[in-house]
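Q: Below you'll find the structure I mean.
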Amino acid sequence: MAGIDLNDVVVIGGGVIGAACAYYCAEAGLRVTVVERGSPGGGTTSACEGNILLSDKEPGPELELALLSSRLWGALADRRGAQAFEYQAKGGVVVATTEVSAAGLAKLTVGQRASGVDAVDVSAEELRELEPNVTSAAVGGAFYPQDSQVQPMLSTARLLRLVREKGGRVLTATAVTGFLRGADGAVLGVRTNSAAVPEVRGKCTVNASGTWSGEIAELAGAPIPILPRKGFILVTEPLPRVVRHKVYTAEYVANVASSDEGLETSVVVEGTQAGTVLIGASRERVGFDRSFSLSVVRKLAAQALEVFPFLEHVSLMRTYLGFRPYCPDHLPIIGPDPRVPGLFHATGHEGAGIGLATGTGTLIAQLITGATPDLDPAPFRPHRFEEVAA
Amino acid sequence: MSAEFRFDGEPVSAEPGQSIGAALIAGGRRSWRTTRHEGAPRGVFCGIGICFDCLVTVNGEPNQRACLTEAVAGDVVTTQEGSGHADLAC
């Protein structure tokens, strides 16, 4: 297994973030091995909606990363074909049902436009042209032409295939059990539970294990505060085109930015290429509790009816749930960990991991190769929590 | 005592407790739905409620599994085109 020892980069985690880190590193000419304990995209990547959103982000570092990522997803779709990722630049629509939320939304779009987002304030009438099935109670809203979508599992598998085509390796069903260390404590790769590949050496190791990245960081002796934030998504029976964009309520932005442990629901509704309509999303900090909750599902369904009354005549087929990698300050953790040389993190994207994957992967590749980063990575530095505590 | 219902306007007789799907098959019909993309005909496949291939519109309600839905006298059963929700399209 001499080839294994030639890695420049070992990526822990084969979800969308790990796949994107591996892809952009491979594109930069680095030799990469991805170590995934289950199957590609088997964690949060397979329990989400594939959102690439600018609309739900307030001006700041996360929006900057989202703008970069949105451009990069578009470029990937141009280069590899939109169907390679089921990329759809479908646009987003935010609905305000009260004058108070409409005023809050109008204030948000002013800031977003100043940051370079294409955010269009729309009247109630224009809203119904964009979404003919929307509730007649809507008083106005905003249209975001740049909001788009990919199929998350397909995109992850595609990126990993491209990594392999570049000579990289993807090890599945291989869990990281420890780190290889240099005399100075530097990370030189990982130990695994695989008899075939018990260790994978690399000059740099990227912790991209999503909601479980806190455990990996702990194992490396460099803790980061990642917690699971549970969410349910409802799936309707297949329908003709009934919802044209990603549609959510003005209250959604406030909930995404909240840190409450208790249950929060704010509805986001969208159609899929398969015909089903997806209704998300709840947010709850209840650990890794996979139990079904009828009350949460009922609340989401009721909120969806408020935005799209026609759903009353539509059946739900099933629900699914997942755990977002939640970070207390709502910013991802991206970059080298100064406490442990050789260790990088790319995690903590909460519910925005699909959208932010391309920018995150690009930043990681630039930080590893020493290239000039496309945006200032300082707000995402892993050790910021210790600075606050000190 | 049979439970007569109508399928696309035609009378179909069913034994007590018989499913709509079984009654349609007994009456010589093989299909009562078209697929969403190709418009291909579909009827009973698994016959035990798992595959959702035998969907049909019963009393105006689309996507009912014919193999599990008991025939009730006076039911109005109609061929389902695609998703059965064309009225919602926009």
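Line by line, the protein sequences are chains L and E. Oh and the first sequence: position 189 is 189 in the numbering used here, straight run, nothing missing. Position in the second sequence counted from 1, then plus 390, gives you the numbering used here. Backbone N, C-alpha and C fix where the C-beta goes; we use that ideal spot for every residue, glycine too. Here the structure is a predicted model, which is why all the values come from computation and not from measurement.
Under the rule that 16 or more other beta-carbon atoms within 10 Å means buried, what is Arg423 of chain E, buried or exposed?
A: buried
Q: Of all the CB atoms in chain E, is at least one closer than 9 Å to the CB of Gly275 of chain L?
A: yes
Q: In whole angstroms, what is the alpha-carbon distance linking Ala142 of chain L and Val243 of chain L?
A: 16 Å
Q: If we cut at 9 Å on Cβ distances, does Phe143 of chain L have a partner in chain E?
A: no
Q: Taking just the CA atoms, how far does His349 of chain L sit from Arg285 of chain L?
A: 15 Å
Q: When the cut-off is 9 Å and only beta carbons count, does Cys480 of chain E lie next to chain L?
A: yes
Q: Using the beta-carbon count (16 or more within 10 Å), is Gly342 of chain L buried or exposed?
A: By the 16-neighbour rule on beta-carbons within 10 angstroms, Gly342 of chain L is buried.
Q: Rounded to the nearest angstrom, how far is the Cβ of Asp147 of chain L from that of Gly92 of chain L, given a contact under 8 Å?
A: 3 Å
Q: Using CA atoms only, rank isn't needed, just tell me which of E:Gly399, E:Glu400 and E:Gly472 is closest to Asp443 of chain E.
A: E:Gly472
Q: Who pairs with Thr98 of chain L in a beta bridge, going by DSSP?
A: BP columns for Thr98 of chain L are empty, so no partner.
Q: Does the segment 398-417 of chain E come close enough to the segment 444-456 of chain E to have 3 or more Cβ pairs within less than 8 Å?
A: Contact holds: three or more Cβ-Cβ distances are below 8 Å.
Q: Can you list, in chain order, the residues of its chain whose CB lies under 6 Å from that of Gly111 of chain L, leaving out five sequence neighbours each side?
A: The beta carbon of Gly111 of chain L lies closer than 6 Å to those of Pro59 in the same chain, with the five residues before and after it left out.
Q: Going by CA-CA distance only, name the one from L:Glu165, L:Val163, L:Ala208 and L:Phe288 that's closest to Gly394 of chain L.
A: Residue 394 of chain L lies beyond the stretch modelled for chain L, which goes from 1 to 390, so this question has no answer here.
Q: For the segment 239-251 of chain L, enumerate the residues whose C-beta is nearer than 9 Å to any C-beta of chain E, in chain order.
A: Here the close residues are Leu239, Pro240, Arg241, Val242, Val243 and Arg244.
Q: Give the interface partners of Glu306 of chain L over in chain E, defined as CB-CB distance under 9 Å, in chain order.
A: For Glu306 of chain L, there are no C-beta contacts with chain E under 9 Å, since the nearest C-beta of that chain is about 17 Å from it.
Q: Can you find at least 3 beta carbon pairs, one from the segment 207-223 of chain L and one from the segment 301-319 of chain L, that sit closer than 8 Å?
A: Contact between the segment 207-223 of chain L and the segment 301-319 of chain L is absent, because fewer than three Cβ pairs lie under 8 Å.
Q: Ser282 of chain L: buried (16+ other C-beta within 10 angstroms of its C-beta) or exposed?
A: Buried: at least 16 other Cβ atoms inside 10 Å.
Q: Which residue marks the beginning of the beta strand (DSSP E) containing Ile438 of chain E, and which one marks its end?
A: Here Ile438 of chain E belongs to no beta strand (DSSP E), and DSSP marks it neither H nor E.
Q: With a CB to CB cut of under 7 Å and the five nearest residues on each side skipped, what residues in its chain are close to Pro373 of chain L?
A: Leu363, Gln366 and Leu367
Q: Kindly indicate the opening and closing residues of the alpha helix (DSSP H) around Glu36 of chain L.
A: Per DSSP, Glu36 of chain L is not a residue of any alpha helix (DSSP H), being assigned neither H nor E.
Q: Quick check on the DSSP output: what are the complete alpha helix (DSSP H) runs of length 4 or more inside the segment 249-296 of chain L, in order along the chain?
A: With a minimum length of 4 residues, the continuous alpha helix (DSSP H) runs that stay inside the segment 249-296 of chain L are 251-256.
Q: Could you tell me which chain E residues have their CB closer than 7 Å to the CB of Phe310 of chain L, listed as they occur along the chain?
A: Leu478
Q: Do the segment 60-70 of chain L and the segment 107-126 of chain L touch if we need at least three Cβ pairs shorter than 8 Å?
A: yes
Q: Do you know whose CA, among L:Asp56, L:Pro40 and L:Pro225, lies nearest Met153 of chain L's CA?
A: L:Pro40
Q: Taking CB distances under 9 Å as the criterion, tell me whether Ser136 of chain L reaches chain E.
A: no
Q: With distance defined between alpha-carbon atoms, name the residue in E:Glu405, E:Glu451 and E:Val434 nearest to Ser421 of chain E.
A: E:Val434
Q: Distance check for Ala183 of chain L and Arg37 of chain L, CA to CA, integer angstroms please.
A: 27 Å
Q: How should Pro336 of chain L be labelled, buried or exposed, when 16 other C-beta atoms within 10 angstroms of its C-beta is the threshold for buried?
A: With 16 or more neighbouring CB atoms inside 10 Å of its own CB, Pro336 of chain L falls in the buried class.
Q: Locate the alpha helix (DSSP H) running through Glu62 of chain L, then write down its first and last residues.
A: Pro61 to Arg80
Q: Using the three-state DSSP reduction, which class does Ala2 of chain L fall into: helix, strand or coil?
A: Here the model assigns Ala2 of chain L a pLDDT of 42, short of 50, so the residue's position is not dependable, and the following value carries that caveat. Helix, per DSSP.
Q: Check whether the segment 163-180 of chain L and the segment 128-139 of chain L are in contact - that is, three or more C-beta pairs closer than 8 Å.
A: no
Q: How far does the alpha helix (DSSP H) with Gly18 of chain L in it reach, from first residue to last?
A: Val16 to Glu27 is the extent of the alpha helix (DSSP H) around Gly18 of chain L.
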